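In this note's numbering, the protein residues as written are 54 to 399.
This is the structure in structure tokens:
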């Protein structure tokens, strides 16, 4: 792929079409908060696209895609800035939209359907990481009860295999014996369905590494999550409450620090692992890799997020300074990268 020409002359009517999911969940739904944030993200991105010299429009998607498809046919966008994360209880639609844009040959930002699929399937993602020799906590999957005994160390972490945004993660997700494991797996099976991921719980430090760039992604300086909730007798994890509910004890007790204070050798290893995971799963344009260390300080990849939060206050935007980049500048490069990619296909 060619390098970006940031001063490239664009068509006079060039516009960026921001596509996102119109929130549909009721306020009493447990995942209401994770879905709602997208509205603020869209507003912030609109403002900063203007600062970058680009004109935008926005299209909130609804379950009935017929009007949207008609619009694609009658007035196709120059570039789609894809913020679509799937609908409420039908989040697989995140993958389908990227497939639709591929089919219509409309340039769009972010990862293609394959990496989005792998990123949503925690079991498949861990298998891909393991195949590439990237360290990830030992694991097994459960499709039904009873749970067979395994030689994984205790404690263990129990997760729904096909959710993101920490949905299905709470203080009950960490189990210390077979009885607790059986009970938690039963809960996850009943609430989120099969399969269930069970992995060794690493009680060390947790880092996140954002990556971005076109044509080649670069790893940004790591951030670290600090688990002050240990002092309250809580497991050091990023639960749904810790991520989405500012008035919760877990949110308040899990601040992040950027840049992380860490040994240069560990810093380099964490960034290198993040880059390897990014390429192994096939991410494109941007993403986020989460890592934890074991008691010996060795880092392991625990999550690969191909559609990470692009809000100006999220980790990726905050980390941009380590690449010498601004938020409006990042958005412009993101859009022009997709535009460039689209031109190369014709």
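Even glycine gets a Cβ: it sits at the ideal position worked out from N, Cα and C. Keep in mind that this is a model prediction, so the values were computed, not measured.
Inset, instruction - Could you tell me how far apart the beta carbons of residue 228 and residue 241 are, in whole angstroms, since I believe they sit closer than 8 Å? - result: Contact flag wrong, Cβ pair sits at about 11 Å.
Legend entry - Meets three-Cβ-pair contact criterion under 8 Å: the region 194-202 and the region 339-353: no
Inset, instruction - Just the C-alpha distance for residue 329 and residue 286, rounded to the nearest angstrom, thanks. - result: 35 Å
Inset, instruction - Would you identify the three-state DSSP class for residue 54, choosing helix, strand or coil? - result: Low local confidence applies: a pLDDT of 43 at residue 54 is under 50, so the model's placement there is unreliable, with the coordinate-based value given in what follows. Note: residue 54 maps to coil in three-state DSSP.
Inset, instruction - Could you have a look at residue 161 and say whether DSSP puts it in helix, strand or coil? - result: strand
Legend entry - CA nearest to the CA of residue 288, picked from 108, 123, 307 and 276: 307
Legend entry - Own chain, CB closer than 6 Å to residue 263, minus 5 neighbours either side, in chain order: 273, 341, 368, 369 and 372
Legend entry - Inter-residue spacing [alpha-carbon to alpha-carbon] between residue 54 and residue 206: With a pLDDT of only 43 at residue 54, under 50, the local geometry of the prediction cannot be trusted, and the value read off the model is given with reservation. Between residue 54 and residue 206, the C-alpha separation is close to 45 Å.
Inset, instruction - Work out the CA separation of residue 301 and residue 146 for me, nearest whole Å. - result: 30 Å
Inset, instruction - State the CB to CB distance for the pair residue 364 and residue 97, rounded to an integer number of angstroms; the pair is presumed to be in contact (CB under 8 Å). - result: 6 Å
Legend entry - Cβ contact (3+ pairs, closer than 8 Å) linking the region 136-155 and the region 166-183: yes
Inset, instruction - Can you grab the Cα-Cα spacing for the pair residue 319 / residue 310, in whole Å? - result: 16 Å
Legend entry - Per-residue burial, residue 321 [other beta carbons within 10 Å of its own, 16 or more giving buried]: exposed
Legend entry - Same chain only: Cβ atoms within 6 Å of residue 89, ignoring 5 sequence neighbours per side: 76
Inset, instruction - Determine the DSSP secondary structure at residue 135, reduced to helix, strand or coil. - result: strand
Inset, instruction - Reducing DSSP to helix, strand and coil, say where residue 109 ends up. - result: strand
Inset, instruction - Would you mind stating whether residue 188 and residue 353 have Cβ atoms separated by less than 8 Å? - result: yes
Inset, instruction - Rank 222, 261, 117 and 385 by C-alpha distance to the C-alpha of residue 104 and give the top, closest one. - result: 385
Inset, instruction - Just the C-alpha distance for residue 224 and residue 292, rounded to the nearest angstrom, thanks. - result: 7 Å
Legend entry - For residue 154, the three-state DSSP class (helix, strand or coil): helix
Inset, instruction - Would you check if the distance between the CB atom of residue 160 and the CB atom of residue 395 is smaller than 8 Å? - result: yes
Legend entry - According to DSSP, residues forming a beta bridge with residue 272: 264
Legend entry - Span separating the alpha-carbon of residue 48 from that of residue 245: Since the displayed the chain opens at 54 and closes at 399, residue 48 lies outside it and no answer follows.
Legend entry - Backbone CA spacing between residue 192 and residue 85 [nearest angstrom]: 30 Å
Inset, instruction - Taking all protein chains shown into account, decide if residue 82 is buried (16 or more other Cβ within 10 angstroms of its Cβ) or exposed. - result: exposed
Legend entry - Helix, strand or coil at residue 348 according to DSSP, with G and I counted as helix: coil
Inset, instruction - Output yes or no for whether 8 Å exceeds the beta carbon distance between residue 275 and residue 214. - result: no
Legend entry - Proximity winner among 95, 129, 266 and 279, relative to residue 258 (alpha-carbon distances): 279
Inset, instruction - Could you tell me if residue 64 is buried or exposed, where buried requires 16 or more neighbouring beta carbons within 10 angstroms of its beta carbon? - result: exposed
Legend entry - Cut-off 8 Å between Cβ atoms - residues of its own chain near residue 325, not counting five sequence neighbours on either side: 272
Inset, instruction - May I ask you to report which of helix, strand or coil DSSP gives residue 254? - result: coil
Inset, instruction - Quick one: using the 10 Å Cβ neighbour count with 16 as the cut-off for buried, is residue 185 buried or exposed? - result: exposed
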